[in-house]
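Enquirer:
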Amino acid sequence: MRLFLHELRAQQRLFWRNREAAFFSFVFPILLLALVGSVYGDEPIEGVSAATFILIGLLGYGVAANAFAGLAITLVVRREAGLLKRVRGTPLEPGMYLAAVIASTVTVIALQVVAQLLLGVYLLDADWPERPASLAFAVLLGAAAFAALGIAVTTLVRTAEGSSAVVNAIYLPMAFISGVFFSREDMPAFLEALSDVLPLTYLLALIRAAFVPGEAFEASSVAAVVLWGLLGLVVAVRMFRWEPREGMTGA
Amino acid sequence: MSAIAVSGLRKSYGGREVLHAVSFTVETGEVFALLGPNGAGKTTTVEILEGYRARDDGDVQVLGEDPGRAGSSYRARIGIVLQSSAVYPLLSVQEIVALFAGYYPSPRRPDEVIELVGLGLQRDARVRTLSGGQLRRLDLALALVGDPELVFLDEPTTGFDPAARRQAWETIRDLRSLGKSILLTTHYMEEAQRLADRVAILRAGEIVGTGSPRELLSGHASVEIRYRRNGSEVVLATEEPTRVLHELTAQALADGVELEGLEVHRRTLEDVYLDLTREEAE
Ligand SMILES: Nc1ncnc2c1ncn2[C@@H]1O[C@H](COP(=O)(O)OP(=O)(O)OP(=O)(O)O)[C@@H](O)[C@H]1O
Ligand SMILES: [Mg+2]
Numbered sequence: 001m002r003l004f005l006h007e008l009r010a011q012q013r014l015f016w017r018n019r020e021a022a023f024f025s026f027v028f029p030i031l032l033l034a035l036v037g038s039v040y041g042d043e044p045i046e047g048v049s050a051a052t053f054i055l056i057g058l059l060g061y062g063v064a065a066n067a068f069a070g071l072a073i074t075l076v077v078r079r080e081a082g083l084l085k086r087v088r089g090t091p092l093e094p095g096m097y098l099a100a101v102i103a104s105t106v107t108v109i110a111l112q113v114v115a116q117l118l119l120g121v122y123l124l125d126a127d128w129p130e131r132p133a134s135l136a137f138a139v140l141l142g143a144a145a146f147a148a149l150g151i152a153v154t155t156l157v158r159t160a161e162g163s164s165a166v167v168n169a170i171y172l173p174m175a176f177i178s179g180v181f182f183s184r185e186d187m188p189a190f191l192e193a194l195s196d197v198l199p200l201t202y203l204l205a206l207i208r209a210a211f212v213p214g215e216a217f218e219a220s221s222v223a224a225v226v227l228w229g230l231l232g233l234v235v236a237v238r239m240f241r242w243e244p245r246e247g248m249t250g251a
Numbered sequence: 252m253s254a255i256a257v258s259g260l261r262k263s264y265g266g267r268e269v270l271h272a273v274s275f276t277v278e279t280g281e282v283f284a285l286l287g288p289n290g291a292g293k294t295t296t297v298e299i300l301e302g303y304r305a306r307d308d309g310d311v312q313v314l315g316e317d318p319g320r321a322g323s324s325y326r327a328r329i330g331i332v333l334q335s336s337a338v339y340p341l342l343s344v345q346e347i348v349a350l351f352a353g354y355y356p357s358p359r360r361p362d363e364v365i366e367l368v369g370l371g372l373q374r375d376a377r378v379r380t381l382s383g384g385q386l387r388r389l390d391l392a393l394a395l396v397g398d399p400e401l402v403f404l405d406e407p408t409t410g411f412d413p414a415a416r417r418q419a420w421e422t423i424r425d426l427r428s429l430g431k432s433i434l435l436t437t438h439y440m441e442e443a444q445r446l447a448d449r450v451a452i453l454r455a456g457e458i459v460g461t462g463s464p465r466e467l468l469s470g471h472a473s474v475e476i477r478y479r480r481n482g483s484e485v486v487l488a489t490e491e492p493t494r495v496l497h498e499l500t501a502q503a504l505a506d507g508v509e510l511e512g513l514e515v516h517r518r519t520l521e522d523v524y525l526d527l528t529r530e531e532a533e
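Residue numbers (my numbering), protein chains in the order written: chain E, 1 to 251; chain S, 252 to 533.
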């Protein structure tokens, strides 16, 4: 446990010192909430106020931005720089290292959720979540699933330079199609069908259930997020690489 | 017990064999240098011993363990300098050394190790602001902070200025005097000659020479005398340079000629290395 905290502290330091990454995954989702939230009207969307709708959307977006995009890019950059290989040569257990990196990401997400709630509720007049504990559960489950997917996606990326291109090409369209910014009901049928398989769609459904009085988690939504997480986990466990690209060792 | 025992080690990449039945041992408390041209297989060998790469055949024992299967407790006993540096650029020297110290069961004091590699003045500098040679010294600090029994150094002094290289040699000698074993690779023959108790010379995946630098030098005439006569170079190899030189210069004086470009050169490890690694084609 002491070693875990030792590594977690270092990971937090590394996260906040990397200004560009910290802006992209921590500040940007909060900023987006302020911007988008202030241009939406008063028309309710999917049964909640517009402000609440966009708060729900950007809470989910923030989870994916950190646990999926941020984590994947960080790991690819570290892998290609040989940093993961170097860590692998120490007695620190690889599982402990990854656990600390993920815990660091969850820490950032927790801070972000608090900031988004304060901003959404006090400045944009969004609703306070009916069941905060359910919200916490949904965010944690989503973070775990997206972290597994983020680690899995590192196996598709061959270079540090390519990492943000590949990752953004996956998760920005996903955010739109899953209904972060506007209701899935307004989408053409084929996009709605596509959104029916995306994990973020179901994470948003879980977050929404925590906000709306009288709603509860749907088992199918929990199952969809868990299944995506397991898929990511299987790929991650089988294919994750600690060393730079094959055949590229030494100078 | 030997610190490292390798016998019949083979390794292929994509069907091309790059290590052909390599065998050598490194005794406990010894500094052992693995030499050889670019691509000879030094890094491959070292990384198999470190546990990074799988071997295709052969027996490998390091500190009594098989590095192909060994886990965390093995890595607690070894220190590693990889051929290419890899350190988080956003941490300070002090922070990264303290971070790594935390990974080991009984580490050395971070401040002491930072002083040891001569980075005292850079203690609070971010890693990304270090020069190439300073970064390499930090790699050495990270290899030593766990107080390992055995240290693998893959070209540890590449990029060092002459004073830093000498300081690194001192550090390595100090480690040996503490009873540690060291396996290093280097392209600096002077480094190998001065530091290593024994060396092995690898050429295209085969060991073509092994022994102490002194042993490798014996069996060849130890001194070469060179000069030019009528524009062409004359080389005399001899064990008796005093006599040969005396006769040569006496004759030249008698004839009233100047021995152009006269040089007396003692053979070094570099000469042996160049002989042994010269391509077969010649
Ligand atoms: N991961 C790899 N995949 C394919 N081939 C490799 C790989 N690593 C090394 N090789 C090949 O194996 C041979 C030995 O490489 P190695 O890195 O061990 O040489 P080296 O002696 O350390 O050379 P240098 O002095 O340049 O560091 C080379 O021909 C190299 O191209
Ligand atoms: Mg090498």
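Glycine included, each C-beta is placed from N, C-alpha and C at the ideal position.
Of all the alpha helix (DSSP H) runs that stay within the bounds of the stretch 105–156 of chain E, which reach a length of 4 or more residues?
Expert: The qualifying runs are 132–153.
Enquirer: Should N289 (chain S) be counted as a contact of ligand 1 given a C-beta to heavy atom distance under 7 Å?
Expert: To locate residue 289 (chain S), count along the second sequence from 1; it is residue 38. At least one heavy atom of ligand 1 is nearer than 7 Å to the Cβ of N289 (chain S), so yes.
Enquirer: Which whole-angstrom value is the C-beta distance of A443 (chain S) and P413 (chain S), which I expect to be below 8 Å?
Expert: What you label residue 443 (chain S) is simply residue 192 of the second sequence in a count that begins at 1. What you label residue 413 (chain S) is simply residue 162 of the second sequence in a count that begins at 1. With a Cβ gap of about 16 Å, A443 (chain S) and P413 (chain S) do not count as contacting.
Enquirer: Out of S:R304, S:S263 and S:Q334, state which residue places its alpha-carbon closest to the alpha-carbon of N289 (chain S).
Expert: Taking the second sequence and counting its residues from 1, the one referred to as residue 289 (chain S) is at position 38. The shortest C-alpha separation from N289 (chain S) is found at S:Q334.
Enquirer: Inspect the beta-carbon positions of V523 (chain S) and L467 (chain S) and report whether they are closer than 8 Å.
Expert: Position 272 of the second sequence, counted from the first residue, corresponds to residue 523 (chain S). Position 216 of the second sequence, counted from the first residue, corresponds to residue 467 (chain S). Against a cut-off of 8 Å, the Cβ pair of L467 (chain S) and V523 (chain S) comes out as a contact.
Enquirer: Is the number of C-beta pairs between the stretch 128–136 of chain E and the stretch 209–224 of chain E that are closer than 8 Å three or more?
Expert: A contact exists between the stretch 128–136 of chain E and the stretch 209–224 of chain E.
Enquirer: Measure the beta-carbon distance from L203 (chain E) to G142 (chain E) and round it to whole angstroms, keeping in mind my assumption that it falls under 8 Å.
Expert: The residue you call residue 203 (chain E) lines up with position 203 of the first sequence. The residue you call residue 142 (chain E) lines up with position 142 of the first sequence. Rounded, the Cβ-Cβ distance is 4 Å, consistent with contact.
Enquirer: Quick check: what's the CA-CA separation for Y339 (chain S) versus A81 (chain E)?
Expert: On the second sequence, residue 339 (chain S) is found 88 positions in, with the first residue counted as 1. On the first sequence, residue 81 (chain E) is found 81 positions in, with the first residue counted as 1. Spanning the two alpha carbons is a distance of roughly 9 Å.
Enquirer: Contact between the stretch 287–306 of chain S and the stretch 446–456 of chain S: three or more CB pairs below 8 Å?
Expert: Result yes; three or more Cβ-Cβ pairs closer than 8 Å.
Enquirer: Cβ of D405 (chain S) versus every heavy atom of ligand 2: is any distance shorter than 7 Å?
Expert: Residue mapping note: residue 405 (chain S) aligns to position 154 of the second sequence, counting from 1. Yes, since a heavy atom of ligand 2 falls inside the 7 Å radius drawn around the Cβ of D405 (chain S).
Enquirer: Flag E215 (chain E) as yes if its beta-carbon sits less than 8 Å from any beta-carbon of chain S, otherwise no.
Expert: By 1-based counting over the first sequence, the position of residue 215 (chain E) is 215. Not an interface residue.
Enquirer: Could you pull the start and end residues of the alpha helix (DSSP H) that A455 (chain S) belongs to?
Expert: Within the second sequence, the letter at position 204 stands for residue 455 (chain S). Careful: A455 (chain S) lies outside any alpha helix (DSSP H) and carries neither H nor E.
Enquirer: Which value, in whole angstroms, describes the spacing of the CA atoms of L381 (chain S) and R387 (chain S)?
Expert: Within the second sequence, the letter at position 130 stands for residue 381 (chain S). Within the second sequence, the letter at position 136 stands for residue 387 (chain S). Rounded to whole angstroms, L381 (chain S) to R387 (chain S) spans 9 Å at the Cα level.
Enquirer: Report the neighbours of T90 (chain E) on chain S: residues whose CB is nearer than 9 Å to its CB, in chain order.
Expert: Within the first sequence, numbered from 1, the residue matching residue 90 (chain E) stands at position 90. The answer, in chain order, is S323, R326, A327, I331, F351, Y354, Y355, L393 and G397.
Enquirer: Using only CA atoms, which one of E:P94, E:Y61 and E:P44 lies nearest to L3 (chain E)?
Expert: Here residue 3 (chain E) refers to the residue found at position 3 of the first sequence. Selected option, being the one with the closest Cα: E:P94.
Enquirer: What residues are listed by DSSP as bridge partners for S382 (chain S)?
Expert: Locating residue 382 (chain S) in the second sequence gives position 131, counting from the first residue. Paired residue(s): none; S382 (chain S) is not in a bridge.
Enquirer: Mind listing the chain S neighbours of N18 (chain E)? Cutoff is C-beta to C-beta under 7 Å, in chain order.
Expert: If you number the first sequence from 1, residue 18 (chain E) lands on position 18. Under the 7 Å cutoff, chain S gives L341.
Enquirer: Does the stretch 61–75 of chain E touch the stretch 41–51 of chain E, meaning 3 or more C-beta pairs lie closer than 8 Å?
Expert: No contact exists between the stretch 41–51 of chain E and the stretch 61–75 of chain E.
Enquirer: So which of S:V495, S:H471, S:T519 and S:E509 has the shortest CA-CA distance to R441 (chain S)?
Expert: Taking the second sequence and counting its residues from 1, the one referred to as residue 441 (chain S) is at position 190. According to the sequence shown, residue 441 (chain S) is Glu rather than Arg. When only C-alpha atoms are compared, the closest one is S:T519.
Enquirer: G397 (chain S) to L391 (chain S), Cα distance in whole Å?
Expert: In the second sequence, residue 397 (chain S) corresponds to position 146, counting from 1. In the second sequence, residue 391 (chain S) corresponds to position 140, counting from 1. Cα to Cα, the separation comes out at about 11 Å.
Enquirer: Which full runs of the beta strand (DSSP E) of 3+ residues lie inside the stretch 289–357 of chain S, going along the chain?
Expert: The stretch 289–357 of chain S contains these whole beta strand (DSSP E) runs: 308–313 and 329–332.
Enquirer: Since I believe E192 (chain E) is in contact with A205 (chain E) (beta carbons under 8 Å), could you give me their beta-carbon distance rounded to a whole number of angstroms?
Expert: In the first sequence, counting from the first residue as 1, residue 205 (chain E) sits at position 205. In the first sequence, counting from the first residue as 1, residue 192 (chain E) sits at position 192. Not really, about 14 Å apart at Cβ, beyond 8 Å.
Enquirer: A447 (chain S): buried (16+ other C-beta within 10 angstroms of its C-beta) or exposed?
Expert: If you number the second sequence from 1, residue 447 (chain S) lands on position 196. By the neighbour-count rule (16 or more Cβ atoms within 10 Å), A447 (chain S) is buried.
Enquirer: So, for G265 (chain S): in the same chain, excluding its five sequence neighbours on each side, which residues have a beta-carbon less than 6 Å away from its beta-carbon?
Expert: The residue given as residue 265 (chain S) occupies position 14 in the second sequence. Excluding residues within five positions, none has a Cβ falling inside 6 Å.
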